[in-house]
Amino acid sequence: MLNPIDYSISKFISFADEKTISQIREIAEPKHFKKSDVIETRGESGDHLHLIDQGLVQLGINGIDGSRFNLTRLGPGHTFGETAYFLNQNIMYDANAESDVVLQKLSRANIDHLMTHSLVFSKALMAVSCMRVRTILSYIGDTLGMPLQARVAKQILSVSESAHNASIISLRQVDLAHSLGVSRVSIGKAVKALAEQDLIKLGYGKLEILSRRDLVDIVRKGQRQL
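Numbering (this note's numbering), first residue to last: 86 to 311.
Shown next, in the form of structure tokens:
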């Protein structure tokens, strides 16, 4: 199941070449996790990076009451840990394995070596960091200025795009609510309005896009209000 903002950030491997990936695998420590395993916990030392080889990793924040706020889900080719590493801070999220996962763990010494000897590696890390800043700024702008229905339409299209423009996508309304920072009730009203316009068809844990063009129009109209 995809989170609405999953994969909206380009993968690290899309900015790196095969030589750089080979260099990473030569010096990194492979780490294996089973589904539901805890990979790392908020507050731990952030002196490393992970490159995902296989599986899905869920980043979120676990509450003391047992609740969890999901931030994003990353897949093969993505990295995580850049913020804590470069700012020399502790990890700001809880990372869990959403499936069986294989990671390549780069220590501080590994990263320093690669950044010293590989311009491609350094540029790839910078590109990923810039993409994440752009995504966050776009999210803030949407939240402040776009109507909820337009934001929901944009998220639906984003999930579809990440799934190779699939018309039927796995998407729960609770995931939309978490990603957009609004109540489940508000999301329910927004998706119901889109369904009543015959733009989408709702199903259990999924939905079908009936009119991609009209969803795009709703997003564009919402963006003009910014």
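Built from N, CA and C at the ideal position, the CB exists for glycine as well. Keep in mind the model is a prediction, meaning the values are calculated, not measured.
So, for residue 284: in the same chain, excluding its five sequence neighbours on each side, which residues have a beta-carbon less than 8 Å away from its beta-carbon? Excluding positions up to five away in sequence, the list reads 238, 294, 295, 296, 299, 300 and 303.
According to DSSP, is residue 92 part of a helix, a strand, or is it coil? Residue placement at residue 92 cannot be trusted, given a pLDDT of 45 that sits under 50; the coordinates are not used to answer.
I need the straight-line Cα distance from residue 206 to residue 168, nearest angstrom please. Whole-angstrom Cα-Cα distance: 16 Å.
In this structure, does DSSP put residue 158 in helix, strand or coil? In the structure shown, residue 158 adopts extended strand secondary structure according to DSSP, grouped into three states.
Is residue 164 closer than 8 Å to residue 97 when the C-beta atoms are compared? With a cutoff of 8 Å on beta-carbon distance, residue 97 and residue 164 are scored as near each other.
Do the segment 145-161 and the segment 99-113 touch if we need at least three Cβ pairs shorter than 8 Å? As far as the Cβ criterion goes, the segment 145-161 does not touch the segment 99-113, which means the pair count is below three.
Those runs of the beta strand (DSSP E) which lie wholly inside the segment 266-299 and span at least 3 residues: For the segment 266-299, whole beta strand (DSSP E) runs of length 3 or above, ordered along the chain, are 285-288 and 291-294.
Below 8 Å on the Cβ atoms is my guess for residue 202 versus residue 170; work out the distance and round it to an integer in Å. Between residue 170 and residue 202 the Cβ distance is about 18 Å, and since that is not below 8 Å, they are no contact.
To the nearest angstrom, report how far apart residue 272 and residue 141 are at their CA atoms. Roughly 25 Å between the two C-alpha positions.
Outcome for residue 126 when other beta-carbon atoms lying within 10 angstroms are tallied against a minimum of 16: Label assigned to residue 126: exposed.
Relative to the C-alpha of residue 148, which residue among 178, 130, 161 and 124 is closest? Its Cα nearest to that of residue 148, the residue 178 stands out among 178, 130, 161 and 124.
So residue 217 packs on residue 227, CB below 8 Å; how close in whole Å? With 8 Å as the limit, residue 217 and residue 227 do not qualify as a contact, their Cβ atoms being about 16 Å apart.
Taking 8 Å as the threshold (C-beta atoms), are residue 195 and residue 130 in contact? Taking 8 Å as the Cβ cut-off, residue 130 and residue 195 do not qualify as a contacting pair.
Around the Cβ of residue 173, are there at least 16 other Cβ atoms within 10 angstroms (buried) or fewer (exposed)? Using a 10 angstroms sphere on the CB of residue 173, the tally of other CB atoms stays under 16, which defines it as exposed.
Extent of the continuous beta strand (DSSP E) to which residue 120 belongs: Careful: residue 120 lies outside any beta strand (DSSP E) and carries neither H nor E.
Which parts of the segment 209-265 are runs of the beta strand (DSSP E), unbroken and 3 residues or longer, counting only runs that do not cross its ends? Along the length of the segment 209-265, whole beta strand (DSSP E) runs at least 3 residues long occupy 253-255, reported in chain order.
When you compare each of 287, 102 and 120 to residue 162 by their alpha carbons, which one comes out closest? Closest by alpha carbon: 102.
Among 309, 307 and 105, whose alpha-carbon lies nearest the alpha-carbon of residue 198? Distance from the Cα of residue 198 is smallest, within the candidate group 309, 307 and 105, for 105.
Top-ranked residue by Cα proximity to residue 230, from 139, 310, 289 and 123: Nearest of 139, 310, 289 and 123 to residue 230, Cα basis: 310.
Exposed or buried, residue 139, counting other C-beta atoms within 10 Å across all chains shown (16 or more means buried)? Counting every other CB atom within 10 Å of its CB across the protein chains shown gives residue 139 a total below 16, marking it as exposed.
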